[in-house]
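The listed protein sequences correspond, in order, to chains A and B. The first sequence begins at 2 in my numbering and counts up one residue at a time. The second sequence begins at 2 in my numbering and counts up one residue at a time.
2 protein chains.
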Amino acid sequence: MTSKNRSDTVARPTGERRRARRGDGELLREEILHAAEQLLVAEGDKDAVTVRAVAKAVGVSAPSIYLHFADKDELFYFTCRRVFEQFNARLVEALAAEGTVVDRMMRAGRAYVSFGLEHQGQYETLFGSKSQDTIPVEHVASDPGVHAFSLLVALIQAGVDEGELRDDLDVQSAAIAVWSAVHGTVNILLTKRGMEDIFNIPSNEVVIEATLEVILNGLRKK
Amino acid sequence: MTSKNRSDTVARPTGERRRARRGDGELLREEILHAAEQLLVAEGDKDAVTVRAVAKAVGVSAPSIYLHFADKDELFYFTCRRVFEQFNARLVEALAAEGTVVDRMMRAGRAYVSFGLEHQGQYETLFGSKSQDTIPVEHVASDPGVHAFSLLVALIQAGVDEGELRDDLDVQSAAIAVWSAVHGTVNILLTKRGMEDIFNIPSNEVVIEATLEVILNGLRKK
DNA sequence: GTGTTCAGTTAACGGTGTTAAGACGAGGAG
DNA sequence: CTCCTCGTCTTAACACCGTTAACTGAACAC
């Protein structure tokens, strides 16, 4: 009998765990990623999640983490990469859907912002200002986001070719402009703090719609 | 003689310092802020600047910092607030200058982005995703940025009244849209990492001009 | 059974922000 | 001048952090 019941080593969020079998080191890795994701979502910031806390949640000692990840940054990169792939899938879906180019970019923009707001911890880990240092460069090229950005560029190019968008703009720059707008919107809506008490800031939905509408209107051919 | 020469306690960037006189605790405070600013600019990230390093640069022990600041966050808030006031002054200047509403917003946008890029450490400390937790709420209301944002709202309102800008948009939302765009641009240009190797991203100047042009074009009346 | 090797452990290091308690010295009161 | 107060700053220490070195113990091969 080559495969016994091994499910009791996985999905044991707390309490004592049994040592994995010879070739089952990968199981702990999955448990670690799962625990790290839960803690990151709960805290909303990877700096607030300690390696020791992740280890404790899995029911393992802290140095065991380093059997599966080079350091904390790599751990959280892979932790976020999973949800980032869902993120990317939603973007690709919206960008490839039916409708005019502006409609599709509008839907993708909504998906982008709402996803960023719903996954604050992961979003900031991957897109935050300090991700520069924390993300292993060798993974950047295979980032799902690179694919989504390529699709955005292609969609804008198509919009230009079909006469729906202005043809007097550099396509790459236009794509970055769109990305800047949605990225900035996520950032601002995540950090608006007590600003609502000072100004009467509209709801998130209104802000999102307005921002997307303005930038896409600025891109559309007159 | 009520005022002796006290200049030997200030501006002593390194080496031994003399204990301050009875009422001169404020002098050390200024020295601390100055050292913290220098280190922040050098490192580009406040998390990379330790309290002990600031103390050492001033020539004082680490706990002395806490005689003048409640904690590290407050220290760097006040460290950045100074340069932030220059930032704000440049924005106000651009927004209040001559020319059409779009021209003034364009100039203010350029000033915003270039300032953010030139003062990465301070910009991210004040506007970064985690500023939520690190900035004392009681200071937010008096933030210089609040003033600049009010001016932006007023300028957009004026543009609407004068018929230069679209009148079918919520003014507050439009202001946030503009702010999101420039804020996102700063963020992306600061973190673009090895992206240039993958895509052929245009120069910062081209990206800035394109982004501002698109968003303002989207705001302008047809 | 015996040895190997993987999967984990305990102990420890250097560093962090921060606090508690005391030392030192300037300046006012007598 | 002497004494005392009190603001200024120091030394020592705490709890915690990410991370590494050295060790243990169980599962498998033979």
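Virtual Cβ for every residue (Gly too), placed ideally from N, Cα, C. None of these values were measured; they are calculated from a predicted model.
Check, Outcome
"Start and end residues, alpha helix (DSSP H) containing Phe128 of chain A", "121-128"
"Buried versus exposed, by CB contacts within 10 Å (16 or more), Glu31 of chain A", "exposed"
"Beta-carbon proximity check, Asn188 of chain B vs Ser181 of chain A, cutoff 9 Å", "yes"
"Close beta carbons around Lys222 of chain A, own chain, < 7 Å, minus the five adjacent residues each side", "Gly164, Glu165, Leu166, Arg167"
"Beta carbon proximity, Ala175 of chain B to chain A, threshold 9 Å", "yes"
"Simplified DSSP state of Arg279 of chain A, which is helix, strand or coil", "A query on residue 279 of chain A cannot be resolved here, the shown segment of chain A reaching from 2 to 223 and no further."
"For Arg105 of chain B: DSSP bridge partner residues", "Answer is none; Arg105 of chain B lacks a bridge partner."
"Nearest residue (CA-CA) to Leu156 of chain B, options B:Arg82, B:Asp72, B:Asp74, B:Leu217", "B:Leu217"
"Short CB-CB distance (under 9 Å) between Asp72 of chain A and chain B", "no"
"Under the three-state DSSP convention, the category Leu170 of chain A falls into", "coil"
"Proximal chain A residues relative to Lys47 of chain B, where beta-carbon distance stays under 8 Å", "None at all; the shortest Cβ gap to chain A is about 10 Å."
"Spatial neighbours of Phe200 of chain B in its chain, beta-carbon cut-off 8 Å, leaving aside the 5 residues before and after", "none"
"Neighbour list for Asp171 of chain A in chain B, Cβ cutoff strictly below 8 Å", "Pro203, Val207, Ala211"
"Distance between beta carbons of Val50 of chain A and Met106 of chain A, contact taken as under 8 Å", "About 34 Å; that fails the 8 Å criterion."
"Residues bridged to Arg82 of chain B [DSSP beta-bridge criterion]", "In the DSSP output, where bridge partners are listed per residue, Arg82 of chain B has none listed."
"For Val207 of chain B, three-class secondary structure by DSSP", "helix"
"is_contact[Glu163 of chain B, chain A] using C-beta, thresh 9 Å", "no"
"Selected residue, minimal CA-CA separation from Leu127 of chain A, among A:Arg108, A:Gly110, A:Phe85", "A:Phe85"
"Chain B contact for Thr186 of chain A (CB, 9 Å cutoff)", "yes"
"Where Gly129 of chain B meets chain A, residues with beta-carbon distance less than 7 Å", "Ser130"
"is_contact[Glu44 of chain B, chain A] using C-beta, thresh 9 Å", "no"
"Cβ of Lys222 of chain A within 9 Å of any chain B Cβ", "no"
"Any C-beta of chain B under 9 Å from that of Ala182 of chain A", "yes"
"Chain A contact for Thr192 of chain B (CB, 9 Å cutoff)", "yes"
"Length of the line joining the Cα atoms of Phe88 of chain A and Gly129 of chain A", "16 Å"
"Closer than 8 Å at the beta carbon, the chain A residues around Val50 of chain B", "Per Cβ cutoff of 8 Å: no residues; Val50 of chain B is ~13 Å from chain A at best."
"Pick from B:Ala90, B:Arg53, B:Val55, B:Glu197 that is closest to Val147 of chain A, judged by C-alpha positions", "B:Glu197"
"Beta-carbon gap between Ala56 of chain A and Ala63 of chain A smaller than 9 Å", "yes"
"Min CB distance Asn218 of chain A to chain B below 9 Å", "yes"
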